[in-house]
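Numbering (the working numbering), first residue to last: 4 to 429.
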Ligand code: ADP
């Protein structure tokens, strides 16, 4: 017959069980807090606080393996000698921390001073006596990234197996939290660098477009003046100069327009106008281009005027860019159809062509700034890859949408839509 358990034994078991449950609950709380924290310094602080609390120790440290893999550095410590410790490095081979890293399991050292692996440099450089130590590896997908150490158990008690298990459980959560926080930190850094580059690009565009405008104005003015008194031969040559200067002005205008879109300071000059008029004017302005290429341009719009409230110049700019592209990317004798319609409180404008078409992969990119389907150096057509980005910017300002449907080799249809009565107020 089995001996009856003593009441005192039972009480001890119940107390131990209650203690374990409380510790597991605490670990759960800690891991929930860690999962929601992405600031690296805060993550490390939380881990250390939890490590010393769970193991009832004086201090704790987190050492991480450096890029070379040959040294560990103090990423965080709750030791009062923090400032000195944070400058120290510990060799990955031969040191206590290094041994824990390689062993990949908890290690207890009851008398640190007597352990030959103890890196005495640490205690010498700081005014602190390491006595007992419990260290566990920080493992991430089977790889050790560092070590979590708890030092000097209160009351000089030895570390128990539970201490090791608790610290291992914490270390598993900690390693993931550290990686997440490191990822967020590098993402933020990359984002900051991207913003700086973007700012540089904007500054360059602002300066370049400003500086190019004045001399170009002079070239255009003088060439036009000289043309008035020139002989027939010279007129032809001056026309070439004028055409080239006008193309340059178009490119500079693109840069200026893009800058306005990017800065978000562009204001809308809302006015009422008829969409059919705006389409007619845009087509008229590009007549030389499509007649030279013998392209047919047809307009299909309702007979009743489509009256809209919008910034006419900006809507015209968007339309102009779409038409320009349709002419540019459609071969001689091709067909370009412009249509407009009203539906559900918005107007839609479509520009369809029988040109080169755009692959599905490129369709998702062409509205990005400076994106061109053909490589820059070998492309047949001029342009900076800004026309569609500007068109999108202009339509976005009106609270509208712009999109493209296309089949490679058959043609494209670009469309935009915006509220008929002007942008909706927020
Ligand atoms: P770009 O100044 O190069 O015309 P855009 O931003 O206007 O710049 O257009 C981006 C790219 O989208 C063009 O380089 C071209 O490859 C493609 N694209 C735009 N419109 C058309 C079209 N109607 N047909 C075929 N490809 C087009």
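Ideal placement from N, C-alpha and C gives every residue a C-beta, glycine not left out.
None of the values given here were measured: they were computed from a predicted structure.
If we ignore side chains and look at the alpha-carbon of each, how far apart do residue 91 and residue 77 end up?
The count along the chain shown starts at 1 and reaches residue 91 at position 88. The count along the chain shown starts at 1 and reaches residue 77 at position 74. Here the alpha carbons of residue 77 and residue 91 stand approximately 7 Å from one another.
Between the beta-carbon of residue 396 and the beta-carbon of residue 273, is there less than 7 Å?
Counting from one through the chain shown, the residue named residue 396 turns up at place 393. Counting from one through the chain shown, the residue named residue 273 turns up at place 270. Result no, Cβ atoms of residue 396 and residue 273 do not sit closer than 7 Å.
On the three-pair Cβ rule with 8 Å, is the region 213-228 touching the region 242-252?
The region 213-228, when compared against the region 242-252, does touch it at the 8 Å Cβ threshold.
Considering only residues of the same chain and omitting the five flanking positions on each side of residue 387, which have a CB-CB separation below 7 Å?
The residue given as residue 387 occupies position 384 in the chain shown. Within the same chain, residue 387 has close Cβ partners 254, 257, 373.
Alpha helix (DSSP H) containing residue 324: first to last residue?
Residue mapping note: residue 324 aligns to position 321 of the chain shown, counting from 1. Counting along the chain, the alpha helix (DSSP H) containing residue 324 begins and ends at 315-331.
Let's test the definition: count the other Cβ atoms within 10 Å of the Cβ of residue 176 and tell me whether it reaches 16, buried, or not, exposed.
In the chain shown, the residue the question calls residue 176 occupies position 173. A buried status is given to residue 176, since no fewer than 16 other beta-carbon atoms sit within 10 Å of its beta-carbon.
So does the region 33-49 actually touch the region 150-165, counting three or more Cβ pairs closer than 8 Å?
Contact check between the region 33-49 and the region 150-165: fewer than three CB pairs, one atom from each, fall below 8 Å, which does not count as touching.
Given 8 Å as the limit, is there contact between the region 46-66 and the region 169-184, that is, 3 or more CB pairs closer than that?
Touching, yes.
Helix, strand or coil at residue 416 [DSSP, three-state]:
Residue 416 sits at position 413 when you count from the first residue of the chain shown. In the structure shown, residue 416 sits in a strand (DSSP, three-state: E or B).
Mapping DSSP to helix, strand and coil, what is residue 357?
Translated into positions along the chain shown, residue 357 becomes position 354. Residue state, collapsed to three classes: coil.
So for residue 250, helix, strand or coil by DSSP?
The count along the chain shown starts at 1 and reaches residue 250 at position 247. It is helical.
Rounded distance between the beta-carbons of residue 112 and residue 99, thought under 8 Å:
For the purposes of this step, residue 99 is taken as the residue at position 96 of the chain shown. For the purposes of this step, residue 112 is taken as the residue at position 109 of the chain shown. That pair is a contact at about 6 Å.
Residue 170 to residue 119, Cα distance in whole Å?
One-based indexing of the chain shown puts residue 170 at position 167. One-based indexing of the chain shown puts residue 119 at position 116. CA-CA distance, residue 170 to residue 119, rounds to 24 Å.
Have a look at residue 409 and residue 401 and give me their C-alpha separation to the nearest angstrom.
Here residue 409 is taken as the residue at index 406 of the chain shown, counted from 1. Here residue 401 is taken as the residue at index 398 of the chain shown, counted from 1. Cα atoms of residue 409 and residue 401: separation of roughly 24 Å, rounded to the nearest angstrom.
Could you say which of 343, 79, 290 lies nearest to residue 307 if we only look at CA atoms?
Sequence index remark: in the chain shown, residue 307 carries index 304 (1-based). Here the closest residue by C-alpha is 343.
Contacting residues, own chain, Cβ-Cβ under 6 Å from residue 336 (five flanking each side not counted):
As a first step, residue 336 must be located in the chain shown, where it is residue number 333. Excluding sequence neighbours, residue 336 sits near 297.
Using beta-carbon positions only, say whether residue 82 and residue 88 come within less than 7 Å of one another.
For the purposes of this step, residue 82 is identified with residue 79 of the chain shown, where counting begins at 1. For the purposes of this step, residue 88 is identified with residue 85 of the chain shown, where counting begins at 1. Yes, they are a contact pair.
Please name the residue or residues paired with residue 312 in a DSSP beta bridge.
Walking along the chain shown from the start, residue 312 turns up at place 309. Beta-bridge partners assigned by DSSP to residue 312: 275.
In three-state DSSP terms, what is residue 350?
Position 347 of the chain shown, counted from the first residue, corresponds to residue 350. In the structure shown, residue 350 sits in a strand (DSSP, three-state: E or B).
So, is residue 139 buried or exposed, given that buried needs 16 or more other C-beta atoms within 10 angstroms?
Along the chain shown, one-based indexing puts residue 139 at 136. Buried, since its Cβ has 16 or more Cβ neighbours within 10 Å.
For residue 283 and residue 418, I'd like the C-alpha separation in whole angstroms.
To locate residue 283, count along the chain shown from 1; it is residue 280. To locate residue 418, count along the chain shown from 1; it is residue 415. If you draw a straight line from the Cα of residue 283 to the Cα of residue 418, it comes to about 17 Å.
Any heavy atom of ligand 1 closer than 6 Å to the beta-carbon of residue 356?
Residue numbering aside, residue 356 sits at position 353 when the chain shown is read from its first letter. True, at least one ligand heavy atom lies under 6 Å from that Cβ.
So is the beta-carbon of residue 388 under 6 Å away from any non-hydrogen atom of ligand 1?
As a first step, residue 388 is located in the chain shown; it is residue number 385 there, counting from the start. Taking non-hydrogen atoms of ligand 1 into account, the C-beta of residue 388 is found less than 6 Å away from one of them.
Tell me whether residue 373, by its Cβ, gets closer than 6 Å to a heavy atom of ligand 1.
As a working mapping, residue 373 is identified with position 370 in the chain shown. False, no ligand heavy atom lies under 6 Å from that Cβ.
For my contact list, residue 278 and residue 350 are in at a C-beta cut-off of 8 Å; report their separation, rounded to the angstrom.
Reading the chain shown from its first residue, position 275 is the one you call residue 278. Reading the chain shown from its first residue, position 347 is the one you call residue 350. About 6 Å; that satisfies the 8 Å criterion.
To the nearest angstrom, how far is the alpha carbon of residue 35 from that of residue 399?
For the purposes of this step, residue 35 is taken as the residue at position 32 of the chain shown. For the purposes of this step, residue 399 is taken as the residue at position 396 of the chain shown. Looking at the two C-alpha atoms, the distance is approximately 41 Å.
So, for residue 216: in the same chain, excluding its five sequence neighbours on each side, which residues have a beta-carbon less than 7 Å away from its beta-carbon?
Against the chain shown, residue 216 aligns to sequence position 213. The answer, listed in chain order, is 255.
Consider the C-beta atom of residue 411 and the heavy atoms of ligand 3; say whether any pair is separated by less than 6 Å.
You won't find ligand 3 in this model; what it holds is ligand 1.
So, is residue 328 buried or exposed, given that buried needs 16 or more other C-beta atoms within 10 angstroms?
Counting from one through the chain shown, the residue named residue 328 turns up at place 325. Counting other Cβ atoms within 10 Å of its Cβ, residue 328 reaches 16 or more and is therefore classed as buried.
Between the Cα of residue 95 and those of 270, 109, 147, spot the shortest distance and give me the residue it belongs to.
Taking the chain shown and counting its residues from 1, one reaches residue 95 at position 92. Its Cα nearest to that of residue 95, the residue 147 stands out among 270, 109, 147.
Measuring from the CB of residue 376, is there a heavy atom of ligand 1 at a distance below 6 Å?
Numbered from 1 along the chain shown, position 373 holds the residue referred to as residue 376. Answer for residue 376: yes, Cβ within range of ligand 1.
Please return the same chain residues whose Cβ sits closer than 7 Å to the Cβ of residue 241, not counting the five positions on each side in sequence.
Here residue 241 refers to the residue found at position 238 of the chain shown. Excluding residues within five positions, the ones whose Cβ falls inside 7 Å are 226, 229, 230, 233.
Within the region 14-85, note down every full alpha helix (DSSP H) run reaching 4 residues or more, in order along the chain.
Whole alpha helix (DSSP H) segments, 4+ residues: 43-58.
Do residue 212 and residue 150 have their beta-carbon atoms positioned less than 7 Å apart in this structure?
Against the chain shown, residue 150 aligns to sequence position 147. Against the chain shown, residue 212 aligns to sequence position 209. Their beta carbons are not under 7 Å apart, which means residue 150 does not touch residue 212 by this criterion.
Please indicate yes or no: does the CB of residue 328 lie closer than 6 Å to some heavy atom of ligand 1?
As a working mapping, residue 328 is identified with position 325 in the chain shown. Checking the Cβ of residue 328 against ligand 1 gives yes.
Going by Cα to Cα distance, which pick from 97, 181, 38 is closest to residue 74?
Taking the chain shown and counting its residues from 1, one reaches residue 74 at position 71. Nearest C-alpha to residue 74: 97.
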